[in-house]
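Everything in the sequence shown is counted per our numbering, starting at 790 for the first residue and increasing by one. Step one of this worksheet: look at the structure below.
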Amino acid sequence: EMERKLNEIERRSAETDAVELVASAEHVGTAKLIVATRGSGVDGLRALAQNLKGRVAPVVVVLGTKGEKNANLVCAVSKDLVQKGLSARDILAPGAAMLGGGAGGKPDLSISGGPNRDQLDDALATVAQAAREALGR
């Protein structure tokens, strides 16, 4: 019973977070760009990115988090933008390099991580700029 209640609270919290992130999205042309850092681990970021991608399109989502030993970035791109040639992996690559890692995944969802935790904010800004440039083409 307690676990069920905790799961429900987490679900509601994630729902509120997603709604707020969509509301604060930056408009780039006809698309939305959502950029944020969160305290959740990489699995939480992936789930949030997928949630956001399912709520609004066209959209590029860029999320970052710091763990104890490394930092992670997640990029999600809506299918309509993937069909136009955008790739989450390409958008994430310059930020991944700053973190000391590479970007893997698919055109619609890429995840990276690296040991350079102190570079997360700069890496996030770099990836956001890469997303703006990709959307501006």
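From the three backbone atoms N, C-alpha and C, an ideal C-beta is built for every residue, glycine too.
Is the separation between the beta-carbon of residue i and that of residue j shorter than 8 Å?
| i | j | result |
| --- | --- | --- |
| L852 | R827 | yes |
| N859 | G894 | no |
| D897 | A923 | no |
| K821 | A814 | yes |
| S899 | L888 | no |
| G823 | V850 | Looking at the sequence provided, one finds Ile at residue 823 rather than Gly. Yes. Within cutoff. |
| S901 | G891 | yes |
Measure the alpha-carbon distance for residue i versus residue j and round it to whole angstroms.
| i | j | result |
| --- | --- | --- |
| T854 | A825 | 9 Å |
| L837 | V808 | 11 Å |
| R921 | L913 | 12 Å |
| E797 | P847 | 29 Å |
| N840 | S802 | 13 Å |
| R844 | L810 | 11 Å |
| V817 | L795 | 37 Å |
| E790 | T805 | 23 Å |
Applying the criterion that 16 or more other CB atoms from any shown protein chain within 10 Å of the CB defines a buried residue, is residue i buried or exposed?
| i | result |
| --- | --- |
| G884 | buried |
| G874 | exposed |
Nearest CA to the CA of residue i: which residue from the options?
| i | options | result |
| --- | --- | --- |
| E857 | L870, V811, L909, R835 | L909 |
| N933 | G830, G818, T915, D806 | What is shown of the chain runs 790 to 926, which leaves residue 933 out entirely. |
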